Amino acid sequence: TLDHINMATISNFYVMRFNLDGSRDVTFGNNGMAITSFQGSSSSKAVMIQSDGKIVAGGMYAYTGSIFQLALARYQTDGTPDLTFGDDGKVLATHSYTVNIYTIGLCEQANQQLVVATSGREAINASHDFMISRFNPDGSSDEGFGNTGYVLTDFDHRREYAAHAYVLNNGKIFATGVASDTALNYYPAMARYNACGTPISTQPEQVINEIVGADATITVSVPAGMATFQWQKENSATWESLTDGGQYSGTQTDTLRISNLEVVANRGRYRCLIFTGNCTDTSATALLQVNTLSIPNVADDHELRMFPNPAKSNLSITSIGDFKNEDYIIIDPLGRKWLQGKLSGHTSMINIKDLASGIYFIKTGNTGVY
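Shown next as structure tokens:
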């Protein structure tokens, strides 16, 4: 159990341990209780047991006046302070954001770093946001995590409190809590972060449709200045890192560009590795579909020629004779009409950018020339 205890108007952390029958374990700390004093008033809110058996308590302390900041204490299995943690077993966080801690969640990453989920705000009168902090095994702030040791997440609500933190099997961090509306009605809230505390970007989890000869772009987004990138393409059962050259550019930026697409690129799968500090996040996979928007050329003994073919946005039609004011209709293989109009003369331009990828036929004149 944990709570705070008043000693001469100063509150402190205290942690108690009980036997299975509910009796106090008098071998723990001082007669079953471990007490930690901080500067000013403090209050413990959560406790966890690390993988090595050590005990961590988290709460808040009076940073200045009515402004509270995050406080941590760690104990050996017998309840004595762990002197390898912070200053004599305790840590006072001094994040640049003020904090009112009503809820707190603690968890441990595989490398024995501590992840703390609570609430924070930019200024005394600002709204509360989720705040996720990380600390090294010795209690020092992990400056490579988020924004110099912590990250704030705003749900655009009045008050938001993170209450629990979990480390998922893939190393990502999942936080849950509540967020209120302007009437202070509270609703469940959750956020997920990569192992270095930057918000997860699942782009490009999508299918990208382009036609032969066009260019394709795939983009991921993370907070500015916080990451470097490496795009990869699936090659059989492995992923191959791309370099600039040939059809590829931007292979180490947030946007990959693939130029002058060929049919062989159809069904290609791409993803981006996102590096932040010592952490790596992997985007979802994008599937590239390369389609042919094609209107078959007329036979050699007809008078019409069309280019480019395949076409993406505009189709030019030239004729030996004068087809001015002749009607044209564009139909699909099922005979459904998609476009119609009149030709303007020896050379006409038809806007086809709104046509879906596929095979089409063009019919001109009253004689039904294709």
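Following the working numbering, the numbering of the sequence shown begins with -14 at its first residue and continues without gaps. By construction, the Cβ of each residue, glycine as well, lies at the ideal position given by its N, Cα and C atoms. The structure presented is a predicted model; accordingly, all values stated were derived computationally and were not measured.
Rounded separation between residue i and residue j - CA only
| i | j | result |
| --- | --- | --- |
| H287 | S226 | Any answer about H287 is weak, because its pLDDT of 49 lies below 50 and its placement is not dependable; what the coordinates show is given next. Their Cα atoms are separated by approximately 49 Å. |
| P295 | I196 | 8 Å |
| R290 | L328 | 13 Å |
| V275 | V192 | 10 Å |
| A174 | F214 | 30 Å |
| A42 | P122 | 14 Å |
| A201 | R242 | 6 Å |
| D285 | D312 | Low confidence applies to D285: its pLDDT is 45, below 50, so where it sits in the model is not reliable, and the reading given next is rough at best. Spanning the two alpha carbons is a distance of roughly 21 Å. |
| N(-3) | K75 | 12 Å |
| R144 | W323 | 53 Å |
| M273 | N154 | One point to set straight first is that residue 273 is Leu, not Met, in the sequence displayed. When rounded, the distance between both Cα atoms is 29 Å. |
| G38 | A176 | 28 Å |
| F159 | L55 | 19 Å |
| F115 | A102 | 7 Å |
| V11 | T138 | 42 Å |
Span of the beta strand (DSSP E) around residue i
| i | result |
| --- | --- |
| L57 | I52 to Y60 |
| A78 | Run containing A78: none; DSSP gives neither H nor E here. |
| V100 | L99 to G105 |
| A31 | S27 to I34 |
| L5 | First-last for L5: undefined, no H or E at that position. |
| F70 | Segment: none, F70 is in no beta strand (DSSP E) and carries neither H nor E. |
| H149 | E145 to V152 |
| I344 | No beta strand (DSSP E) contains I344, which DSSP labels as neither H nor E. |
| G326 | K322 to K327 |
| N299 | N299 to S304 |
| V192 | V192 to I196 |
| K218 | T213 to N220 |
| L258 | G253 to T261 |
| Y87 | Where Y87 is concerned, there is no enclosing beta strand (DSSP E), given that its DSSP letter is neither H nor E. |
Contact check, residue i vs residue j, beta carbons under 8 Å
| i | j | result |
| --- | --- | --- |
| M45 | S27 | yes |
| L99 | F23 | no |
| C257 | W216 | yes |
| Y146 | S104 | yes |
| A199 | F260 | no |
| I40 | V32 | yes |
| G90 | A150 | yes |
| G182 | R106 | no |
| D239 | S206 | yes |
| L68 | G124 | no |
| R254 | T270 | yes |
| H331 | S304 | yes |
| Q325 | I335 | no |
| Q97 | S36 | yes |
| K157 | Y178 | yes |
| A148 | T88 | yes |
Residue-chain proximity (residue i, chain C), Cβ-Cβ < 8 Å
| i | result |
| --- | --- |
| N15 | Within the model displayed, chain C is absent; a lone protein chain is all it includes. |
Integer Cβ distance of residue i from residue j, believed to fall under 8 Å
| i | j | result |
| --- | --- | --- |
| F3 | D63 | Not a contact, Cβ separation roughly 15 Å. |
Three or more C-beta pairs closer than 8 Å, one from the stretch 151 to 169 and one from the stretch 232 to 249: is that the case here? no
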